[in-house]
Amino acid sequence: MKKVIVLMCMLLLLTGCKVKEYKKSMFYMDTHIEVKLYDIPKDKSKKLLNEVDRIYSEYHKLTDRYNEYDDLVNIHYLNNTLKVNESIEISPKLSDIINYGIDAYNKTSGYVDIALGNAIDVWKKYREEGKSVPKTYELLNLNVDIKSISLKDNTFMKKKDIKLDLGSFVKGYVTEIVAKYLEDNGCEKYLINAGGNVKVGKSYKSSKFSVGLEEPFNTSKVYDTLLVENTSVVTSGSYQRYYEVDGVNYNHIINPKTLFPDNYTKSVTVVTKDSGYADVLSTYLFLLPIEDGIKLVNSLEDVEAIWYSDQIYYSENFNIYEQV
Amino acid sequence: MNKYDIKLIVIILFVVVFILFLTRKNNNYANVYYNNELVLKIDLNIDKEYSVEGYNGIVKIKVKDNKLKVIEETSKFHICSKMDYTNNGVIVCLPNKITINFSNNELDTIAG
Chain A
24 MKKVIVLMCM LLLLTGCKVK EYKKSMFYMD THIEVKLYDI PKDKSKKLLN EVDRIYSEYH
84 KLTDRYNEYD DLVNIHYLNN TLKVNESIEI SPKLSDIINY GIDAYNKTSG YVDIALGNAI
144 DVWKKYREEG KSVPKTYELL NLNVDIKSIS LKDNTFMKKK DIKLDLGSFV KGYVTEIVAK
204 YLEDNGCEKY LINAGGNVKV GKSYKSSKFS VGLEEPFNTS KVYDTLLVEN TSVVTSGSYQ
264 RYYEVDGVNY NHIINPKTLF PDNYTKSVTV VTKDSGYADV LSTYLFLLPI EDGIKLVNSL
324 EDVEAIWYSD QIYYSENFNI YEQV
Chain B
46 MNKYDIKLIV IILFVVVFIL FLTRKNNNYA NVYYNNELVL KIDLNIDKEY SVEGYNGIVK
106 IKVKDNKLKV IEETSKFHIC SKMDYTNNGV IVCLPNKITI NFSNNELDTI AG
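Protein chains in written order, with the working numbering: chain A, 24 to 347; chain B, 46 to 157.
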């Protein structure tokens with residue numbers, strides 16, 4: 024009898040045994056960001072979440088194209104205040120992120136390009152009007168050559184009136200910094216969702232994190248569910264920011280080779296450990312024909328991807344993440 | 046084990062199931078944020094209409110069949126009111142600085 028009572032009381036207690044979850048929402052880089060921490064003391068969670076907010080805020084200001092801030096040399100400053108052929112010493116953090124962009128350009132054969140700001144501005148203007156498409160000559164004369172910038176030992180210079188835009192990977196890059204900060208400070212179990220860019224640590228439960236993939240153009244539906252841990256899930260898609268002219272989708276991801284958007288797929292989602300790398304790769308894959316993208320992903324280590332197009336396409340081992 | 050033990054087990058099991066049911070039910074809600082401040086918590090189990098103050102004016106939200114939809118808002122493109130009823134992911138009404146997320150199902154988060 025006693026054994027039964029003890030056993031049943033333990034079972035009863037278990038129902039109240041829920042992993043502690045602490046979360047914070049913020050809005051930076053034009054993105055709703057939600058950070059959840061699990062299984063750590065309350066005081067510590069408060070400190071960590073405040074620091075996470077500070078990191079996102081700091082990088083938001085550093086990489087902001089549209090606003091300047093007192094005593095801060097940021098992307099807006101380099102684009103609009105710095106004169107052509109004038110050099111300036113920039114902060115190591117800004118230098119690191121621009122160098123990351125230059126590296127991404129070299130590793131993706133120029134498909135991920137931080138020097139596209141002038142072209143992105145033209146497309147943004149047309150997208151907001153929503154009526155027509157830029158003429159080819161409007162785009163061809165723009166300064167979009169990444170070779171017009173030089174960055175050596177934190178000294179930045181532009182040889183032409185170029186505009187930098189780090190939008191193709193900045194969310195993933197900063198999210199990786201945040202994740203590293205959490206891990207270095209003893210928080211292994213976390214979930215970050217930065218506008219659909221997901222980064223997770225160790226799971227807080229016996230099973231892995233379940234991450235739903237939203238269906239392009241019908242985002243209230245989930246078309247696949249992944250089970251993941253200690254990794255990133257990042258999507259590039261034509262349904263996030265776009266407009267249509269004569270039934271053609273003109274989305275926000277501009278192909279540096281043509282200065283026009285592409286429509287090989289409606290979305291591509293990359294699963295790999297590093298969130299910055301995942302962001303770079305998802306942009307790159309979005310601009311490649313699906314067949315070429317699958318070949319590329321299959322040649323890379325610890326990277327898998329899924330394409331949502333006329334049908335769903337997978338890289339070779341994508342099924343290791345899928346919920347059975 | 047006698048018949049009293051069995052009765053006790055049944056009673057405790059009933060209590061456990063009841064508590065689990067309550068916990069599940071309470072989790073089925075949506076959070077509405079204005080400028081990152083939580084301004085409204087919506088129970089998705091009750092069909093009802095809500096209004097919150099957005100940056101450009103009132104944003105109306107309707108709950109139906111455990112799902113939610115923004116039915117009225119002042120913005121240029123009406124992106125969030127064009128979305129269908131949902132209980133997944135995040136709804137962002139950017140011009141109104143309104144964000145809605147859900148704490149309701151077995152998914153930990155939505156990527157996209």
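Here a beta-carbon is modelled for each residue, glycine too, at the ideal position from N, C-alpha and C.
Quick caveat, the model's predicted, so the values are computed rather than measured.
Taking the beta carbon of residue 326 of chain A as the centre, do at least 16 other beta carbons fall within 10 Å, making it buried, or is it exposed?
Its Cβ being crowded by 16 or more others within 10 Å, residue 326 of chain A is buried.
Could you compute how far the alpha carbon of residue 70 of chain B sits from the alpha carbon of residue 146 of chain B?
Per-residue confidence for residue 70 of chain B stands at a pLDDT of 43, beneath the threshold of 50, marking its modelled position as unreliable; no derived number is given.
Once DSSP output is grouped into helix, strand and coil, what is the label at residue 244 of chain A?
Residue 244 of chain A carries a strand assignment under DSSP once its states are collapsed to helix, strand and coil.
Quick one: using the 10 Å Cβ neighbour count with 16 as the cut-off for buried, is residue 237 of chain A buried or exposed?
Burial call: buried.
What residues are listed by DSSP as bridge partners for residue 108 of chain A?
BP columns for residue 108 of chain A are empty, so no partner.
Using a beta-carbon distance cut-off of less than 7 Å, what residues from the segment 125-155 of chain B approach chain A?
Shown in chain order are the members of the segment 125-155 of chain B whose Cβ falls below 7 Å from a Cβ of chain A: 128, 129, 130, 131, 133, 134, 135, 137, 144, 146, 151, 152, 153, 154 and 155.
With a 10 Å radius around its C-beta and 16 neighbouring C-beta atoms as the bar for buried, classify residue 161 of chain A as buried or exposed.
Classification for residue 161 of chain A: exposed.
Inspect the beta-carbon positions of residue 98 of chain A and residue 187 of chain A and report whether they are closer than 8 Å.
Their beta carbons are under 8 Å apart, which means residue 98 of chain A touches residue 187 of chain A by this criterion.
Interface flag, residue 111 of chain B vs chain A, CB-CB below 8 Å:
So no, residue 111 of chain B is outside the interface.
What number of angstroms, rounded off, separates the C-alpha of residue 251 of chain A from the C-alpha of residue 211 of chain A?
Taking the straight line joining both Cα atoms gives about 14 Å.
For residue 137 of chain B, does the count of other Cβ atoms within 10 angstroms reach 16, so buried, or fall short, so exposed?
Per the 10 Å Cβ criterion, buried.
Please report the distance separating the alpha-carbon of residue 86 of chain A from that of residue 193 of chain A.
Those two C-alpha atoms are separated by around 8 Å.
Between the CA atoms of residue 115 of chain A and residue 295 of chain A - distance to the nearest angstrom
Answer to the nearest angstrom: the Cα atoms are 26 Å apart.
Does the separation of the CB atoms of residue 144 of chain B and residue 221 of chain A fall below 8 Å?
No, the pair does not count as a contact, with Cβ atoms beyond the cut-off.
For residue 88 of chain B, I'd like the list of residues in its chain whose CB is within less than 6 Å of its CB, leaving aside the five on either flank, ordered along the chain.
74, listed in sequence order.
What does residue 100 of chain B touch in chain A if you count any residue whose Cβ is under 9 Å from its own?
Residues of chain A passing the Cβ test: none, with the nearest at roughly 12 Å.
For the alpha helix (DSSP H) containing residue 143 of chain B, list its first residue and its last residue.
Where residue 143 of chain B is concerned, there is no enclosing alpha helix (DSSP H), although the beta strand (DSSP E) around it starts and stops at 143-148.
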